[in-house]
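Colleague:
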Amino acid sequence: MEKYIKSYGTLVIVFVIGIFMGWLFFGGESTSDEKKTVHHEHTEDTFYTCSMHPQIHQKDPGDCPLCGMKLIPESSGASLDVNHITLSKSATALANIQTTSVEKTSPKKVLQMQGKIAVDERRTYAQASHIAGRIEKSYVNYIGEKVRKGQKLATLYSPQLVTAQREYFEAKKVKDSNPQLLRSAIEKLRLWKLSEKQIQEIDKSGKVKTVFDIRADISGVITQLNVLEGDHVMQGKILYEVADLSRLWVKFDAYESDLAWVKVGDKISFTVTSYPGETFTTKVSFIDPFINPKTRVASVRGNVVNRGQKLKPEMFVNGKIQAELPVNNEVIVVPKSSVMWTGPRSVVYVKVPHQDTPTFEMKEVVLGAELANSYIIKEGLTDGDRVVTQGTYTVDAAAQLKGKPSMISQKMGNESETTSTFEVSDQFASNFKKVYQNYLLVKDAFVASDDKRAEEFTITLQKSLNAISMHMLQGDAHMFWMKTSPKLKKNLDEMVKADNIDTRRRFFVQVSKELSDMIQRLDLSKNEKVYLMYCPMANDDLGASWLSDTKEVLNPYYGDMMLKCGEIKKEI
């Protein structure tokens, strides 16, 4: 009986488990259907775009009207900005594309400088003879010999000194009747540079000395021998040159490009071949105010204590200085691998934030000083931007394939994209027309080379631009205005702040370029005649454009100097 009870119990347990599993699989199906329904309802509001032409923005799926490619949902992370390049996550990982967040920092650079040990010119001494005579005995016989202060270097026979001693003894005999004569004799001995001790010795001995000792005035090393035994010398002749090697100079060669980084007080560590593994230190005490015309370097000097006489003059040294650029504020620094050179342009790729898929944008930058493995960025980046540090050329290649702005092409490869215009309201068109008219006033002031009126009209142009609200534009036109107007406003600010007409004209180059792009994209040409002029010699022979309402060429960059330099490049 117990056996049957156990069997029925087992069946009950199996039945319960079966019911539970059935509920799990089939009961959840309705939930799944509900989710699908919800998802389907959500996708009804999804817009579609083209991965090659992200300006395409439509509600229904289909093919791109420009290239025929199948449209993809915008939710997949495709960017609407025509300057953005989007890569899939798998492609980004495969190309090993890496980014780094840039931030402001104090620019530092390790400078490598070569140089040599030199004698401290302030610690050299010329041992001269104060009396004329003949060298009877020389106790210094070779260059490099060490001498101590007070050491006997030579003995000298001087007939004049013998005569002076005899006059002293004769004057001493009549000192009571003629004391002035004795004082004159003593003063004559002093003029021959005899010390008081030597004069007292002569007086005590009562005999005329025929030879006198020449003793070292300082301790050091003999660097030059000018006399030998038996030589006759004149008063003031340099007999020996002595150098004190307890302190030396270390002289480094600094190139012109490195001089901005070096300042007095900077610490320099250096090594010499004779002592591998040992590092010596010094500080910059002097920077040569002149550049060597042959080597194009300036001498940077430091002082060093020569402990144990290890260092020898003319030894070659390799120096290293942790230099810091003397700037008032911190600056943005990026790795060299981030920067691509394209002739006069330098570009980097910046990762666009808040995108589901990796999206990048090319930015032109103005480079500053070169550091060891990086560059200072003067313009083009802001604190916090994430720049591509590895795989930069991969991103650029993808941009070129998709017709995006790249290091080769500043504009879109498809002409229809470059020149496409946006719908604008009548209110915006009216306000923007005032901006263009004020621009023409600035241009005419430059043509007349009237800096005062150029400044006044620039302020008027600035006010008319600031009077335009971004709310006057919608959609793509709104996005275009937000992207381009800050650059125009910044260059107008620089024109107002400039203190001369040449500086104002330099910023007018960018103002003309940016306003020209705006006019073409915002379709001002419907109601206005606009001619795009071009002069290849303006802007330091880089070429520059300007806008005009007439076909007559009047160059604003040269005024009366080259008024007719230029041509009509395009009628907008």
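In full-length UniProt numbering, the protein residues as written are 1 to 572.
All residues carry an ideal CB built from backbone N, CA and C; glycine is no exception.
Using CA coordinates, which residue listed in D444, A260, A132, W192 is at the minimum distance from I287?
Modeller: Position 287 of the sequence shown holds residue 287. With distances taken between Cα atoms, I287 lies closest to A260.
Colleague: Among L465, G475, A477, L473, which residue has its Cα nearest to the Cα of K490?
Modeller: Indexing the sequence shown from 1 puts residue 490 at position 490. Nearest C-alpha to K490: L465.
Colleague: To the nearest angstrom, how far is the alpha carbon of S337 from that of T392?
Modeller: As a working mapping, residue 337 is identified with position 337 in the sequence shown. As a working mapping, residue 392 is identified with position 392 in the sequence shown. So the two alpha carbons sit approximately 8 Å from each other.
Colleague: Please look up how many angstroms separate the CB atoms of A397 and L325, rounded, as I've assumed it's under 8 Å.
Modeller: Here residue 397 refers to the residue found at position 397 of the sequence shown. Here residue 325 refers to the residue found at position 325 of the sequence shown. At roughly 34 Å, the Cβ-Cβ gap does not stay under 8 Å, so A397 and L325 are not in contact.
Colleague: Return the first residue and the last residue of the beta strand (DSSP E) that T195 is part of.
Modeller: Working through the sequence shown from its first residue, we reach residue 195 at position 195. The question names Thr, yet the displayed sequence has Ser at residue 195. No beta strand (DSSP E) contains S195, which DSSP labels as neither H nor E.
Colleague: Once DSSP output is grouped into helix, strand and coil, what is the label at L396?
Modeller: Translated into the one-based positions of the sequence shown, residue 396 becomes position 396. The displayed chain sequence assigns Asp, not Leu, to residue 396. Correct three-state label for D396: helix.
Colleague: For E552, is the classification buried or exposed, using 16 other Cβ atoms within 10 angstroms of its Cβ as the cut-off for buried?
Modeller: Translated into positions along the sequence shown, residue 552 becomes position 552. Answer is exposed; the Cβ neighbour count stays below 16.
Colleague: Is there contact here, the region 483-499 with the region 454-468, by at least three beta-carbon pairs under 8 Å?
Modeller: The region 483-499, when compared against the region 454-468, does touch it at the 8 Å Cβ threshold.
Colleague: Whole-angstrom Cβ separation of V333 and T105, contact assumed at under 8 Å?
Modeller: Counting from 1 along the sequence shown, the entry for residue 333 is found at position 333. Counting from 1 along the sequence shown, the entry for residue 105 is found at position 105. Confirmed, about 6 Å.
Colleague: What number of angstroms, rounded off, separates the C-alpha of T357 from the C-alpha of L87?
Modeller: Residue mapping note: residue 357 aligns to position 357 of the sequence shown, counting from 1. Residue mapping note: residue 87 aligns to position 87 of the sequence shown, counting from 1. Using only the alpha carbons, I get a separation of about 7 Å.
Colleague: What are the uninterrupted segments assigned as alpha helix (DSSP H) that are 4 or more residues long and contained completely in the region 509-567, given in chain order?
Modeller: Fully enclosed alpha helix (DSSP H) runs of 4 or longer: 538-541.
Colleague: Given a cut-off of 8 Å, decide if T100 and V387 are closer than it, judged by their beta-carbon atoms.
Modeller: Against the sequence shown, residue 387 aligns to sequence position 387. Against the sequence shown, residue 100 aligns to sequence position 100. Yes, these two residues count as a Cβ contact at 8 Å.
Colleague: I'd like the list of long-range same chain contacts for R521, defined as Cβ closer than 7 Å, with 5 residues on each side in sequence excluded.
Modeller: Along the sequence shown, read from residue 1 onward, the residue named residue 521 stands at position 521. So the list reads T421, F422, F480, once near-sequence residues are dropped.
Colleague: Is E145 near I238, with beta carbons less than 8 Å apart?
Modeller: Numbered from 1 along the sequence shown, position 145 holds the residue referred to as residue 145. Numbered from 1 along the sequence shown, position 238 holds the residue referred to as residue 238. For E145 and I238, no; Cβs fall outside 8 Å.
Colleague: Could you tell me the alpha carbon to alpha carbon distance between E103 and G384, rounded to whole angstroms?
Modeller: For the purposes of this step, residue 103 is taken as residue 103 along the sequence shown, with counting starting at 1. For the purposes of this step, residue 384 is taken as residue 384 along the sequence shown, with counting starting at 1. Cα-Cα distance, rounded: 6 Å.
Colleague: What is the DSSP secondary structure of F280, reduced to helix, strand or coil?
Modeller: Taking the first residue of the sequence shown as position 1, residue 280 is located at position 280. In the structure shown, F280 sits in a strand (DSSP, three-state: E or B).
Colleague: Determine the extent of the beta strand (DSSP E) in which A132 is found, giving its start and end residues.
Modeller: As a position in the sequence shown, residue 132 is number 132, starting the count at 1. Premise fails: A132 is in no beta strand (DSSP E) and is neither H nor E.
Colleague: May I ask you to list the residues that DSSP assigns as paired with L87?
Modeller: Taking the first residue of the sequence shown as position 1, residue 87 is located at position 87. Bridge partners of L87: none, in fact.
Colleague: Under the rule that 16 or more other beta-carbon atoms within 10 Å means buried, what is Q165, buried or exposed?
Modeller: Looking up residue 165 in the sequence shown gives position 165. It is buried - the Cβ of Q165 has at least 16 other Cβ atoms within 10 Å.
Colleague: Can you list, in chain order, the residues of its chain with a C-beta nearer than 6 Å to that of I85? Leave out the 5 residues immediately preceding and following it.
Modeller: Position 85 of the sequence shown, counting from 1, holds the residue named residue 85. Only F360, A398, A399, K404 meet the Cβ criterion.
Colleague: In the DSSP assignment, find the beta strand (DSSP E) that holds E324 and state where it starts and stops.
Modeller: Along the sequence shown, one-based indexing puts residue 324 at 324. 316-324 is the extent of the beta strand (DSSP E) around E324.
Colleague: I'd like to confirm the pairing. Which residues does DSSP put opposite L181 in its beta bridges?
Modeller: As a working mapping, residue 181 is identified with position 181 in the sequence shown. DSSP output for L181 lists no bridge partner at all.
Colleague: Per DSSP, which one or two residues make a beta bridge with Y240?
Modeller: As a first step, residue 240 must be located in the sequence shown, where it is residue number 240. Y240 is bridged to Q127, L225.
Colleague: Which residue's Cα is closest to the Cα of F280: V305, A118, E256?
Modeller: Within the sequence shown, the letter at position 280 stands for residue 280. Selected option, being the one with the closest Cα: V305.
Colleague: Whole-angstrom Cβ separation of D266 and V250, contact assumed at under 8 Å?
Modeller: On the sequence shown, position 266 is the one that residue 266 refers to. On the sequence shown, position 250 is the one that residue 250 refers to. In fact, because the Cβ distance is near 13 Å, the residues do not count as touching under 8 Å.
Colleague: If contact is defined by three or more beta carbon pairs under 8 Å, each pair taking one atom from either stretch, is the region 121-138 in contact with the region 172-189?
Modeller: No, the region 172-189 does not touch the region 121-138.
Colleague: Three Cβ pairs or more, each shorter than 8 Å: is that satisfied between the region 425-440 and the region 106-113?
Modeller: No: fewer than three Cβ pairs fall under 8 Å.
Colleague: Is it the case that the CB of I135 approaches a heavy atom of the ligand NAP more closely than 7 Å?
Modeller: The ligand NAP is absent from the structure shown, which contains no ligands of any kind.
Colleague: Which partner residues does I287 have in the DSSP bridge list?
Modeller: To locate residue 287, count along the sequence shown from 1; it is residue 287. BP columns for I287 point to V300.
Colleague: Cα separation between residue 589 and M113?
Modeller: Examination of residue 589 is not possible in this model, given that the chain is present from 1 through 572 alone.
Colleague: Among the candidates E256, L156, L161, whose CA atom is the shortest distance from the CA of D213?
Modeller: As a first step, residue 213 must be located in the sequence shown, where it is residue number 213. For the residues E256, L156, L161, the minimum Cα distance to D213 belongs to L156.
Colleague: Using CA coordinates, which residue listed in S205, N318, E330, L381 is at the minimum distance from V347?
Modeller: Counting from one through the sequence shown, the residue named residue 347 turns up at place 347. For V347, the nearest C-alpha among the options comes from L381.
Colleague: Where does R215 sit, in a helix, a strand or coil, going by DSSP?
Modeller: By one-based count along the sequence shown, residue 215 stands at place 215. Strand.
Colleague: Report the CB separation of D217 from I135 in whole angstroms; it is logged as a contact under 8 Å.
Modeller: For the purposes of this step, residue 217 is taken as residue 217 along the sequence shown, with counting starting at 1. For the purposes of this step, residue 135 is taken as residue 135 along the sequence shown, with counting starting at 1. Wrong, their Cβ atoms sit about 17 Å apart, outside the cutoff.
Colleague: Name the DSSP beta bridge partners of M113, please?
Modeller: Translated into positions along the sequence shown, residue 113 becomes position 113. DSSP, once it has assigned bridges, lists G319 as partnering M113.
Colleague: Output the boundary residues of the alpha helix (DSSP H) element that contains K497.
Modeller: In the sequence shown, counting from the first residue as 1, residue 497 sits at position 497. Note, K497: alpha helix (DSSP H), 475-497.
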